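J.: Right, I'll just put the structure down here and ask away after.
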Amino acid sequence: MPRAPGSMCPAQTQLKEGTPHMTLTTFREAPTATFADQLGSAFPDHGTPDPQTRLSLLGRLHEHYVAYMAGPEAFASIPRLNTDPEITAIEDAWLAWEDAQVDTADLPADGAVFREWFLAVADAHTQPEFCDYLAQEASLEEMALFFMGEELVDSKFDDLMAMVQIGTEGHTKLTIAENYWDEMGEGDINGVHTRMFEHSAVYMRDRLDKAGIDRGQLYCPEAYENACLLLMYGIHRHLNPRALGAMGVLEQSASPRFQAMVDGCDRLGVPSDVIDYQRVHVHVDADHGAEWFDGVFVPLVDRSPALLRAISIGVATRVRVANGYYRHIWQAMRALRD
């Protein structure tokens with residue numbers, strides 16, 4: 003559950019400096035409860051999840067996923083999938099918990115109604131009040147905190163885009179390939195999106211450090227849910243339809259937030275080159291959203307009811323998890339004013 007503004011996030015003392023961003027390092031410390039008890043506490047059948055336990059388990063997942071997506075030089079330490087029974091148990095418990103939050107009665111019954119449903123869900127996910135705050139009110143330190151919160155997802159987005167195209171064909175594969183080519187800066191290394199994002203992150207990270215602001219408040223269950231959901235969906239092939247749904251609604255709804263970030267940074271006098279990544283995505287994501295619907299969803303949603311359901315669950319779950327994350331990050335931003 004979101005914490006009140008100014009409240010401390012669990013495990014803020016578990017942080018250490020890493021590259022390119024802060025990483026959590028103590029998730030494997032001996033628990034006081036049994037592992038089964040931790041699962042029940044973090045992902046209960048009834049009642050409110052315990053945030054400390056939830057952070058610990060989701061943090062372990064994030065470490066595992068980031069290690070799995072490491073570069074060739076880390077080949078000796080890259081974990082194999084599905085060999086750690088505790089990681090598998092965390093994934094299964096979390097996936098079941100997330101699925102239980104979805105009201106299946108609200109999901110589209112067939113491909114004919116999917117478009118209207120998807121566009122309505124995506125439109126409701128644009129966070130207009132939060133965007134207005136970014137554009138018109140947020141301080142530079144608040145803006146920097148938000149940039150850092152986005153790092154857990156944006157720094158791996160190109161790899162996710164490459165992974166979700168596996169097994170697709172025809173127009174679906176071409177649509178994802180065009181999206182990936184955009185992520186690659188259309189062949190210009192300085193235009194590679196993750197490289198551009200890191201340029202933004204370096205500036206914003208420095209602003210927080212100079213202001214003495216603890217980035218630890220970002221490392222909360224909401225942030226790791228938001229990051230781990232896309233990583234779990236993208237890494238595990240059987241969750242590919244959910245990944246396509248989640249990434250589709252992300253692309254469809256992201257442009258207003260990027261525009262708000264650009265407007266806010268312009269208002270605050272942030273150097274233009276620092277927000278090149280955000281400026282590019284105002285238009286790129288708007289195009290990608292439309293292309294994703296026509297090129298990815300349209301060829302797939304009529305294939306089978308099961309495929310439609312999986313894609314729709316990915317959409318609905320991404321929206322619910324991201325909404326929780328945005329509520330928390332907004333609270334953390336406003337707490338800087340206290």
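If you're matching positions, the sequence shown starts at 3 in this note's numbering and goes up one per residue. Note that CB positions come from ideal geometry on N, CA and C, so glycine has one too. Note that the structure is predicted; figures quoted are calculated from it, not measured.
Ends of the alpha helix (DSSP H) at Phe120?
T.: Phe120 -> alpha helix (DSSP H) spans Gly113 to Asp125.
J.: May I ask which residues mark the beginning and end of the alpha helix (DSSP H) holding Pro53?
T.: First-last of the alpha helix (DSSP H) with Pro53: Pro53 to Tyr70.
J.: If you count every other CB in all the chains shown that lies within 10 Å of the CB of Asp190, and 16 or more means buried, which is it?
T.: That one is exposed.
J.: Specify whether the stretch 221 to 238 and the stretch 280 to 299 touch according to this definition: at least 3 beta carbon pairs, one from each stretch, less than 8 Å apart.
T.: These segments do not touch.
J.: State the start and end residues of the unbroken alpha helix (DSSP H) segment that holds Thr174.
T.: Where Thr174 is concerned, the enclosing alpha helix (DSSP H) stretches over Gly172 to Glu185.
J.: Could you tell me if His285 is buried or exposed, where buried requires 16 or more neighbouring beta carbons within 10 angstroms of its beta carbon?
T.: The residue in question, His285, is exposed, as its Cβ has fewer than 16 Cβ neighbours within 10 Å.
J.: Use the C-beta contact count for Thr177: other C-beta atoms within 10 angstroms, 16 or more gives buried, fewer gives exposed.
T.: Looking at its Cβ environment, which holds 16 or more other Cβ atoms inside 10 Å, Thr177 is buried.
J.: Could you have a look at Tyr328 and say whether DSSP puts it in helix, strand or coil?
T.: Three-state DSSP puts Tyr328 in a helix.
J.: Label Pro33 either buried or exposed according to how many other C-beta atoms from any shown protein chain fall within 10 Å of its C-beta, with 16 as the threshold for buried.
T.: Note that Pro33 has pLDDT 48, beneath the 50 cutoff, so the model's placement of it is unreliable and no number is given.
J.: What residue range does the alpha helix (DSSP H) around Arg339 cover?
T.: Segment: none, Arg339 is in no alpha helix (DSSP H) and carries neither H nor E.
J.: Counting C-beta neighbours from all protein chains within 10 Å, is the total for Thr27 16 or more, i.e. buried, or is it exposed?
T.: Legend: pLDDT at Thr27 = 41, less than 50; position of this residue unreliable, no value from coordinates given.
J.: I'd like the list of long-range same chain contacts for Gly247, defined as Cβ closer than 6 Å, with 5 residues on each side in sequence excluded.
T.: Cβ within range, chain order: Ile313, Gly316 and Val317.
J.: Cutting at 7 Å between CB atoms, please list the residues of its own chain near Asp265, excluding the five before and the five after it.
T.: Excluding positions up to five away in sequence, the list reads Ala137.
J.: Could you give the distance in angstroms between the alpha-carbon of Pro53 and the alpha-carbon of Gly172?
T.: Approximately 43 Å between the Cα atoms of the pair.
J.: Are the CB atoms of Asp304 and Gly113 within a distance shorter than 7 Å?
T.: Closer than 7 Å, so yes.
J.: Measuring CB to CB, does Tyr279 end up less than 7 Å from Gln129?
T.: Going by C-beta atoms, Tyr279 is not nearer than 7 Å to Gln129.
J.: Express the C-alpha separation of Ala288 and Tyr135 in angstroms, rounding to a whole number.
T.: Taking the straight line joining both Cα atoms gives about 21 Å.
J.: Quick one: give me the first and last residue of the alpha helix (DSSP H) that Pro223 is part of.
T.: That run of the alpha helix (DSSP H) goes Pro223 to Ile237.
J.: Say whether the stretch 139 to 150 touches the stretch 208 to 221, bearing in mind that this needs 3 or more beta-carbon pairs closer than 8 Å, one atom from each stretch.
T.: Taking 8 Å as the limit for Cβ pairs, the verdict is that the stretch 208 to 221 does touch the stretch 139 to 150.
J.: Taking the continuous alpha helix (DSSP H) assigned at Leu210, which residues delimit it?
T.: First-last of the alpha helix (DSSP H) with Leu210: His195 to Lys212.
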